[in-house]
Amino acid sequence: MHYSSWWVLVALFSGLVIGGGFVAILMYFINRSRQAVQVSSNTVPDGVDQILDAMDSAGIVTDASLNVVKATAKAFALALVSNARLTYPELTEIVQRVRRTGALVDEEIDLQRGRFKDASIRVHVRASLLGSRFVLLLVEDRTESYRLEAVRRDFVANISHELKTPIGAIGLLSEALHTAADDPEQVRMFADRLNAESLRIARLTQDIIELSRLQAVDAVANAERVEIDHIIGAAVDQNRVGADAHAIELVVGGPTGAIVYGDAKLLVTAVDNLISNAIRYSPDGSRVGIGARIADGVVEIAVTDQGEGIPEADQARIFERFFRVDQARSRTTGGTGLGLSIVKHAVQNHGGDVRVWSQPGMGSTFTIRLPEADKPAAALRSAGEPAASSQGEQNQ
1 MHYSSWWVLV ALFSGLVIGG GFVAILMYFI NRSRQAVQVS SNTVPDGVDQ
51 ILDAMDSAGI VTDASLNVVK ATAKAFALAL VSNARLTYPE LTEIVQRVRR
101 TGALVDEEID LQRGRFKDAS IRVHVRASLL GSRFVLLLVE DRTESYRLEA
151 VRRDFVANIS HELKTPIGAI GLLSEALHTA ADDPEQVRMF ADRLNAESLR
201 IARLTQDIIE LSRLQAVDAV ANAERVEIDH IIGAAVDQNR VGADAHAIEL
251 VVGGPTGAIV YGDAKLLVTA VDNLISNAIR YSPDGSRVGI GARIADGVVE
301 IAVTDQGEGI PEADQARIFE RFFRVDQARS RTTGGTGLGL SIVKHAVQNH
351 GGDVRVWSQP GMGSTFTIRL PEADKPAAAL RSAGEPAASS QGEQNQ
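Oh and the sequence shown: position 99 is 99 in the UniProt record's numbering, straight run, nothing missing.
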């Protein structure tokens with residue numbers, strides 16, 4: 001009996017040891033399994049999801065295998081992510097560099113876009129480690145700001161070039177006046193040329209101011225209902241003296257009753273520039289036609305001349321700042337090269353566009369297209385007719 005009790009105790013102790021060992025081994029494997037799951041989990045740290053969702057710029061989180069585990073809508077809009085991978089090798093290289101060095105990356109790079117890599121975007125990239133496994137990429141598209149900066153530099157360079165000629169001419173003419181002080185006829189001639197150059201600088205300065213104003217975001221902040229017939233009439237009146245000086249007849253179409261929302265002064269400036277251009281590039285004794293019509297809710301204002309026309313190769317560039325088809329003639333006629341650019345920006349600010357039709361030797365037609373203003377319901381009821389019928393009569 002004594003030996004039996006002893007064996008029972010030994011067996012019990014052995015069972016406890018074996019059971020404890022088994023439990024220890026089981027817990028060890030459970031912990032290892034938890035660690036493995038944690039390492040392979042694609043769940044980003046708490047709070048990162050909410051921050052990325054609130055971001056307006058492109059945000060991307062990659063894991064140790066360079067898989068994209070989180071990306072904002074902007075990242076997809078810029079085509080930075082495809083099939084849970086980074087699209088551009090430049091971004092992949094940045095992620096690998098961050099993982100290798102652990103250092104923050106902050107730089108600007110160009111990314112080639114398009115099937116044939118014929119376009120690119122300029123982006124600012126910030127990348128850093130996010131915990132021990134993830135890398136956070138913040139990408140800001142700066143393509144437009146760089147484009148605007150390039151436009152600004154070109155604009156300043158063009159202005160400097162354009163001002164250099166009349167300013168130099170004024171200097172030379174003033175010296176010539178001193179030399180010819182005793183010759184009244186020479187003095188009058190040089191004075192007339194001085195006046196012409198000063199007027200040229202004044203026109204250029206005014207056009208620059210006007211174009212800068214049109215490029216402001218709130219250029220048409222206080223839009224009102226504007227009568228197109230009034231716009232055409234005011235623009236024609238401003239050009240009658242210039243037309244009469246060259247025996248050019250201004251032929252104006254009949255009233256349309258068309259109404260648009262906008263700034264009357266800017267619209268007059270746009271139409272005025274088209275008419276003055278038509279006069280400037282038309283032969284003496286010719287005609288310039290100005291008319292308007294309504295078609296499918298669009299108000300069209302057309303200015304037609306009988307000039308030399310514009311070569312097809314130049315028609316895509318005529319709305320660029322300082323672009324001139326005929327440089328020598330533009331300088332002779334006093335053009336600044338900004339008139340059509342002003343027209344384009346004024347019309348775009350009103351939600352419209354401007355088009356050109358031209359054939360060498362057959363003249364040109366510039367057409368401003370603007371959305372027609374909605375007719376007040378009370379006016380339609382008083383007229384006793386539906387909107388479609390009223391518009392049909394106006395088209396006639």
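C-beta atoms are modelled at their ideal positions from N, C-alpha and C, and glycine is treated no differently.
No experiment lies behind these values; they were computed from the predicted model shown.
Subject >> Whole-angstrom distance between Gly168 and Ala270, CA atom to CA atom >> reply: In a straight line, the C-alpha of Ala270 is about 30 Å away from that of Gly168.
Original post:
Roughly how far, in whole angstroms, is the beta-carbon of Val303 from the beta-carbon of Ile259, given that I think they are within contact range, below 8 Å?
Top reply: Taking 8 Å as the upper bound for CB-CB distance, Val303 and Ile259 are not in contact here, some 20 Å apart.
Original post:
Looking at Ile279 and Ile232, is the spacing between their C-beta atoms short of 8 Å?
Top reply: For Ile232 and Ile279, no; Cβs fall outside 8 Å.
Original post:
Hey, how far is the Cα of Val25 from the Cα of Ser132?
Top reply: Going by the sequence as given, residue 25 is Ile instead of Val. C-alpha separation (whole angstroms): 28 Å.
Subject >> 8 Å contact criterion, which Leu66 and Arg85 should meet: CB distance rounded >> reply: Arg85 and Leu66 do touch by the CB rule: their CB atoms are close to 7 Å apart, below 8 Å.
Subject >> Proximal residues to Ala292 (C-beta, below 8 Å), its chain only, five neighbours per side dropped >> reply: These residues qualify, in order along the chain: Ile228, Asp229, Ile232, Gly253, Thr256, Ala258, Val299, Glu300, Ile301, Ala302.
**OP:** Drop a sphere of 10 angstroms on the beta-carbon of Leu199, count the other beta-carbons inside from all chains shown, and report buried for 16 or more, exposed for fewer.
**Re:** Looking at its Cβ environment, which holds fewer than 16 other Cβ atoms inside 10 Å, Leu199 is exposed.
Original post:
Which one of Met362, Asp53, His345 has the shortest CA to CA distance from Leu266?
Top reply: Answer by Cα proximity: His345.
Subject >> Cβ pair count under 8 Å reaching 3, the region 134–141 against the region 53–72 >> reply: Cβ pair count under 8 Å is three or more, so yes.
**OP:** In angstroms with no decimal places, state the Cα-to-Cα distance between Thr92 and Asp106.
**Re:** Rounded to the nearest angstrom, the two C-alpha atoms are 14 Å apart.
**OP:** Report the three-state DSSP secondary structure of Thr332 (helix, strand or coil).
**Re:** Residue placement at Thr332 is flagged as unreliable, the pLDDT there being 49, under the threshold of 50; a coordinate-derived value is accordingly withheld.
Original post:
Is the CB-CB distance between Val347 and Asn273 below 8 Å?
Top reply: No. Outside cutoff.
Subject >> Where the alpha helix (DSSP H) containing residue 404 begins and where it ends >> reply: Outside the displayed range of the chain (1 to 396) lies residue 404, so it cannot be described from this structure.
**OP:** Please go through the same chain and pick out, in chain order, the residues whose beta-carbon is closer than 6 Å to the beta-carbon of Arg331, but skip the five residues on each side of it.
**Re:** Confidence in Arg331 is poor, its pLDDT being 49 and thus under 50, which makes the residue's placement unreliable; the coordinate value appears in the next sentence. Closer than 6 Å at the Cβ level, and outside the excluded window around Arg331, lies no residue.
Original post:
How about Gly297 and Glu372: are their beta carbons less than 8 Å apart?
Top reply: The Cβ atoms of Gly297 and Glu372 sit closer than 8 Å to each other.
**OP:** Write down the C-beta distance between Arg122 and Glu108 rounded to the nearest angstrom, noting that I regard them as a contact closer than 8 Å.
**Re:** Between Glu108 and Arg122 the Cβ distance is about 7 Å, and since that is below 8 Å, they are a contact.
Original post:
For Ala247, which of helix, strand or coil comes out of DSSP?
Top reply: Reduced to three states, the DSSP call for Ala247 is coil.
Original post:
Grouping DSSP H, G and I as helix and E and B as strand, with all else coil, what is Ile18?
Top reply: Helix.
Original post:
So, using beta-carbon positions, are Lys74 and Val61 closer together than 8 Å?
Top reply: A distance of 8 Å or more separates the beta carbons of Lys74 and Val61.
**OP:** Measure the C-alpha to C-alpha separation of Ala234 and Val356 and round it to an integer number of angstroms.
**Re:** The C-alpha of Val356 is placed about 22 Å away from the C-alpha of Ala234.
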